[in-house]
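>
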Amino acid sequence: MAKFHFHLGPVQTFVAQSRRTRDLWAGSYLLSYLSGVAIAEAQKEGAQIDKPFVAGDLMLAAIKGQELKSDPGASLPNHFTATIDGDDQEAARVARACDAALRSAWGQVCEAVWSSYLAPLEEEGCGTRQIFDRQVTSFWDIYWVVGQAGSALAMRKLSRVRPRPSEPGEKCVLMGNMQELSGFVNLRERGKRDDFWRKLRKKVGRLDLHPQERLCGPALVKRLYPKVDELALGWSTNKLHWPSTAYLAAAPFIKEVLQQKPQEAMAFAEHVREVGGDNLFCQSASIFGFDSHNDFARLDGNFFYERLLGSPDNTPLNIEEERKSLVAELKSLAKSVGTPLSHFALLAADGDNMGKLLQEESMSPQALGKALNAFGEKARQVIQDHLGFVIYLGGDDLLAMLPADSALQAADAIEQAWRLAFKETCSSTVAQKATISAALVIAPLRAPLRRLMQAVHDKLDLVAKSKNNRCSLAISLWKGQGEDALWVTSWEREAESGSCRAVDELTSFAQALSSKEAGEQISSSFLHRMEQNLAMLTGSPGLAPGERPEVTTSPEVMESLLKAEYAQSVREKDLPYAGVVVSKICRLLKPHIGPSSGEKAFEALDQKIELDALAVARFLSKPTQEEN
Numbered sequence: 001m002a003k004f005h006f007h008l009g010p011v012q013t014f015v016a017q018s019r020r021t022r023d024l025w026a027g028s029y030l031l032s033y034l035s036g037v038a039i040a041e042a043q044k045e046g047a048q049i050d051k052p053f054v055a056g057d058l059m060l061a062a063i064k065g066q067e068l069k070s071d072p073g074a075s076l077p078n079h080f081t082a083t084i085d086g087d088d089q090e091a092a093r094v095a096r097a098c099d100a101a102l103r104s105a106w107g108q109v110c111e112a113v114w115s116s117y118l119a120p121l122e123e124e125g126c127g128t129r130q131i132f133d134r135q136v137t138s139f140w141d142i143y144w145v146v147g148q149a150g151s152a153l154a155m156r157k158l159s160r161v162r163p164r165p166s167e168p169g170e171k172c173v174l175m176g177n178m179q180e181l182s183g184f185v186n187l188r189e190r191g192k193r194d195d196f197w198r199k200l201r202k203k204v205g206r207l208d209l210h211p212q213e214r215l216c217g218p219a220l221v222k223r224l225y226p227k228v229d230e231l232a233l234g235w236s237t238n239k240l241h242w243p244s245t246a247y248l249a250a251a252p253f254i255k256e257v258l259q260q261k262p263q264e265a266m267a268f269a270e271h272v273r274e275v276g277g278d279n280l281f282c283q284s285a286s287i288f289g290f291d292s293h294n295d296f297a298r299l300d301g302n303f304f305y306e307r308l309l310g311s312p313d314n315t316p317l318n319i320e321e322e323r324k325s326l327v328a329e330l331k332s333l334a335k336s337v338g339t340p341l342s343h344f345a346l347l348a349a350d351g352d353n354m355g356k357l358l359q360e361e362s363m364s365p366q367a368l369g370k371a372l373n374a375f376g377e378k379a380r381q382v383i384q385d386h387l388g389f390v391i392y393l394g395g396d397d398l399l400a401m402l403p404a405d406s407a408l409q410a411a412d413a414i415e416q417a418w419r420l421a422f423k424e425t426c427s428s429t430v431a432q433k434a435t436i437s438a439a440l441v442i443a444p445l446r447a448p449l450r451r452l453m454q455a456v457h458d459k460l461d462l463v464a465k466s467k468n469n470r471c472s473l474a475i476s477l478w479k480g481q482g483e484d485a486l487w488v489t490s491w492e493r494e495a496e497s498g499s500c501r502a503v504d505e506l507t508s509f510a511q512a513l514s515s516k517e518a519g520e521q522i523s524s525s526f527l528h529r530m531e532q533n534l535a536m537l538t539g540s541p542g543l544a545p546g547e548r549p550e551v552t553t554s555p556e557v558m559e560s561l562l563k564a565e566y567a568q569s570v571r572e573k574d575l576p577y578a579g580v581v582v583s584k585i586c587r588l589l590k591p592h593i594g595p596s597s598g599e600k601a602f603e604a605l606d607q608k609i610e611l612d613a614l615a616v617a618r619f620l621s622k623p624t625q626e627e628n
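Taking this note's numbering, the leading residue of the sequence shown gets 1, the next gets one more, and so forth.
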């Protein structure tokens with residue numbers, strides 16, 4: 001028996017270099033497809049796939065030509081381990097066959113995009129075919145190594161990775177070291193370059209290629225292959241019109257309007273069609289469970305925001321004079337159900353110490369696969385129930401996007417789905433040790449996706465897992481173009497009696513900030529003064545987001561100071577509630593790290609505080625205002 005390890009990259013360059021949500025989905029989906037082609041080839045050659053667990057995988061079934069009842073999602077990672085009945089030479093032969101099959105499939109995808117969109121414009125460019133072929137042929141880094149040691153693959157990668165040289169001419173707006181496809185490099189030829197992209201944009205549609213976008217071969221393939229998916233992949237993805245961040249954030253607003261104001265929604269949509277045309281109704285509403293034939297639900301996401309609707313750059317209309325009237329209609333709808341959310345959330349989750357989990361005596365690869373399949377089913381439903389969508393879900397790895405107001409509850413439900421899946425399928429010992437960590441990045445609509453993708457994986461790996469000892473949730477709050485606050489906590493936290501869910505505690509505190517009930521009111525002025533005083537107590541008023549300051553006084557003294565501040569900010573009748581309110585604040589400020597073993601759910605750090613918890617709670621108390 002011989003084993004080989006197979007790896008496909010670069011993941012970050014292909015997936016994370018995205019300007020829109022469809023780029024993220026398309027990159028993840030295509031990467032999963034190509035990895036699946038290699039896995040299918042390995043199985044065809046008689047290899048057994050050891051990792052990941054692929055039994056029942058829909059993507060793999062689609063690649064093998066099986067008829068499916070539902071669309072396969074991106075579910076296969078960019079690497080796998082296989083065992084072959086033979087020696088090392090036989091394993092190497094199979095690995096080379098996997099490499100060849102993957103490259104052939106990629107070539108088919110690229111040719112589908114070229115023949116459908118670029119071939120008619122070849123004469124309009126300057127060496128466009130040569131640029132395209134050079135870029136797509138050399139894009140993928142495929143590594144494989146024969147042997148038992150998993151570290152051998154990493155060593156081989158390090159020995160082979162070479163920096164990609166910067167190409168000549170104007171660069172791709174997504175992959176900055178690669179040349180855009182028109183091929184014109186001289187300033188005097190700028191007009192020809194613009195003509196090339198204008199003609200391509202006319203051919204593919206403005207919504208698929210922004211006026212300022214000039215792309216390289218791999219970036220354009222990622223952007224356009226969903227338009228020719230049957231030719232490229234062999235089946236329809238039904239995901240051509242993937243939700244934008246604006247539509248995602250507005251999904252709760254859309255749902256409420258459809259339920260409360262269906263006639264007004266229909267009238268608004270009809271007005272948009274009259275003055276803008278049919279091409280503005282492009283949204284795949286069924287992704288969120290909305291009626292796929294309802295025109296209001298099919299509107300481009302920008303039409304649900306007053307600021308974006310008022311901008312010709314964001315909402316093109318054929319009759320510009322009607323724009324003010326449309327804005328007035330949207331305002332009327334917002335008066336009834338509230339304005340759309342200004343933020344959305346990116347959620348990443350990953351199982352903790354999966355290698356160690358497999359070493360448990362009662363844990364077999366089959367049992368693990370059963371648990372992961374159960375988790376996958378539960379996780380997809382959780383994301384759908386919270387009006388989000390999955391970008392990638394395979395094994396213990398999840399990447400999804402959600403509206404800001406449901407993201408925390410979704411993250412909490414994902415952790416509970418994970419625990420339940422292992423409880424139902426594995427021994428109690430394994431179930432106790434099977435934990436998952438997650439990260440949430442909550443950001444404004446126009447925040448750059450490339451930075452957010454990097455941020456959410458950094459928060460997952462470096463904060464939730466490394467800094468907080470796993471079994472944790474990290475929440476990164478962005479305002480503008482950067483991080484404003486970072487709060488990390490174990491899923492379970494210390495409560496007055498026993499423990500409580502971290503998300504429940506944070507949500508309860510956020511609700512108290514906007515409450516008018518006696519004994520629950522917490523004014524913004526009180527919070528501001530309290531943060532200033534706590535910063536002075538720690539001696540670190542200029543802390544970066546997520547830094548835990550040491551408390552220089554006892555918890556009792558700190559609590560007394562907060563009670564005094566509270567007394568200055570409330571009415572006399574609320575003074576008896578000072579102890580209850582301050583106790584809530586102190587509990588929220590106390591950091592909780594994940595378990596060091598399966599025996600303990602969390603550990604509270606008494607001598608430190610998390611000031612950023614207040615900033616996150618303050619945002620959550622009022623997350624629904626439209627972006628200015």
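In this text, a Cβ means the ideal position worked out from N, Cα and C, and glycines have one as well.
May I have a chain-ordered list of the alpha helix (DSSP H) segments no shorter than 4 residues that lie completely inside the stretch 555-597?
Those alpha helix (DSSP H) runs which fall completely within the stretch 555-597 and span 4+ residues are 555-569, 578-589.
> Alpha carbon to alpha carbon, how far is Leu-611 from Glu-531?
Near 7 Å, if we compare the C-alpha coordinates of Glu-531 and Leu-611.
> Is DSSP giving Val-185 helix, strand or coil here?
Of the three classes helix, strand and coil, the one that applies to Val-185 here is coil, per DSSP.
> Does the stretch 489-504 come close enough to the stretch 402-412 that 3 or more CB-CB pairs lie under 8 Å?
Yes, they touch.
> Taking the alpha-carbon of Ile-383 as reference, which of Leu-398, Ala-2, Ile-49 has the nearest alpha-carbon?
Closest option to Ile-383, Cα to Cα, is Leu-398.
> What is the residue span of the beta strand (DSSP E) that Arg-451 lies within?
First-last for Arg-451: 449-458, but that is the alpha helix (DSSP H), not the beta strand (DSSP E).
> Across which residues does DSSP place Gly-539 in a beta bridge pair?
Gly-539 pairs with nothing; no bridge assigned.
> Output the distance between the C-alpha atoms of Ala-42 and Ala-374, rounded to the nearest integer angstrom.
Approximately 25 Å between the Cα atoms of the pair.
> Taking the runs of the alpha helix (DSSP H) that are 4 residues or longer, which of them lie wholly in the stretch 404-490?
407-425, 428-433, 449-458, all fully within the stretch 404-490.
> In its own chain, which residues sit with a C-beta less than 6 Å from the C-beta of Tyr-392, not counting the 5 before and 5 after it?
These residues qualify, in order along the chain: Ser-28, Ala-74, Leu-399.
> My guess is that Ala-267 and Val-257 are in contact by the Cβ rule of under 8 Å, so how many angstroms apart are they, rounded?
In fact, because the Cβ distance is near 11 Å, the residues do not count as touching under 8 Å.
> For Lys-69, which of helix, strand or coil comes out of DSSP?
Of the three classes helix, strand and coil, the one that applies to Lys-69 here is coil, per DSSP.
> Given a threshold of 16 other Cβ atoms within 10 Å of its Cβ, counted over all protein chains shown, does Thr-237 qualify as buried or as exposed?
The residue is buried, with at least 16 neighbouring Cβ atoms inside 10 Å.
> Given this structure, state the Cα-to-Cα distance separating Trp-140 from Gly-9, to the nearest angstrom.
Going from the Cα of Trp-140 to the Cα of Gly-9 covers about 6 Å.
> Suppose you measure from the CA of Leu-477 to the CA of Arg-188; what does that come to, to the nearest Å?
Looking at the two C-alpha atoms, the distance is approximately 45 Å.
> Could you tell me the distance, in whole angstroms, from the CA atom of Glu-306 to the CA atom of Trp-242?
For Glu-306 and Trp-242, the distance between alpha carbons rounds to 22 Å.
> Do you know whose CA, among Phe-526, Gly-125, Leu-220, Gln-259, lies nearest Arg-193's CA?
Of Phe-526, Gly-125, Leu-220, Gln-259, the residue nearest in Cα terms is Gly-125.
> Counting along the chain, where does the alpha helix (DSSP H) carrying Arg-307 start and finish?
Unbroken alpha helix (DSSP H) run through Arg-307: 306-309.
> What separation, rounded to the nearest whole angstrom, lies between the Cα atoms of Arg-294 and Pro-262?
Per the sequence shown, residue 294 should be read as Asn rather than Arg. So the two alpha carbons sit approximately 10 Å from each other.
> Under 8 Å Cβ to Cβ from Glu-122, same chain only, skipping five residues before and after it: list those, please.
Contacts found: Thr-128, Arg-129.
> Around the C-beta of His-386, are 16 or more other C-beta atoms found within 10 angstroms, so that it is buried, or is it exposed?
Result: buried.
> Out of Ala-285, Lys-239, Leu-220, Gly-276, point me to the one whose CA is closest to Pro-695's CA.
The question about residue 695 has no answer, for the chain in this structure spans 1 to 628.
> Can you tell me which of the three DSSP states Lys-622 falls into?
Note: Lys-622 maps to coil in three-state DSSP.
> With DSSP as the reference, label Ala-47 as helix, strand or coil.
Three-state result, Ala-47: coil.
> Apart from the five residues on each side of it in sequence, which residues of its chain come closer than 8 Å, Cβ to Cβ, to Lys-3?
Asp-50, Thr-81, Ala-82, Thr-83, Ile-84, Ala-91, Val-146, Gly-147, Gln-148.
> Using only the alpha-carbon positions, how far apart do Leu-562 and Ser-325 sit?
When rounded, the distance between both Cα atoms is 51 Å.
> With respect to 6 Å, is the separation between the Cβ of Ile-254 and the closest non-hydrogen atom of the ligand FMN below this value?
Ligands displayed in this structure: none; no statement on the ligand FMN is therefore possible.
> Can you list, in chain order, the residues of its chain whose CB lies under 6 Å from that of Ser-499, leaving out five sequence neighbours each side?
So the qualifying residues of the chain are Glu-492.
> Hey, quick one: how far does the beta strand (DSSP E) through Leu-393 stretch, first residue to last?
Element bounds for Leu-393: 389-394.
> What do you reckon, are the CB atoms on Gly-36 and Leu-58 nearer than 7 Å?
In this structure, Leu-58 does not lie closer than 7 Å to Gly-36 by Cβ.
> Distance, Cα to Cα, Ser-621 vs Pro-444?
Distance between the alpha carbons of Ser-621 and Pro-444: 16 Å.
> Judging by CA-CA distance, which residue of Pro-77, Leu-76, Asp-352, Phe-602 is the nearest neighbour of Glu-494?
The option with the nearest alpha carbon to Glu-494 is Phe-602.
> Look at the Cβ atom of Ala-62, then the Cβ atom of Pro-72, and state whether they are nearer than 7 Å.
Closer than 7 Å, so yes.
> Round the Cβ separation of Ala-232 and Met-175 to the nearest angstrom and send it over; I've been treating them as touching at under 8 Å.
Not a contact, Cβ separation roughly 20 Å.
> Below 8 Å on the Cβ atoms is my contact criterion, and I expect Ala-367 with Thr-425 to pass it. Report the Cβ-Cβ distance as a whole number of Å.
Yes, Ala-367 and Thr-425 are in contact; Cβ-Cβ is about 6 Å, under 8 Å.
> Please report the straight-line C-alpha distance between Thr-435 and Pro-365, rounded to a whole angstrom.
Going by the C-alpha atoms only, they are around 17 Å apart.
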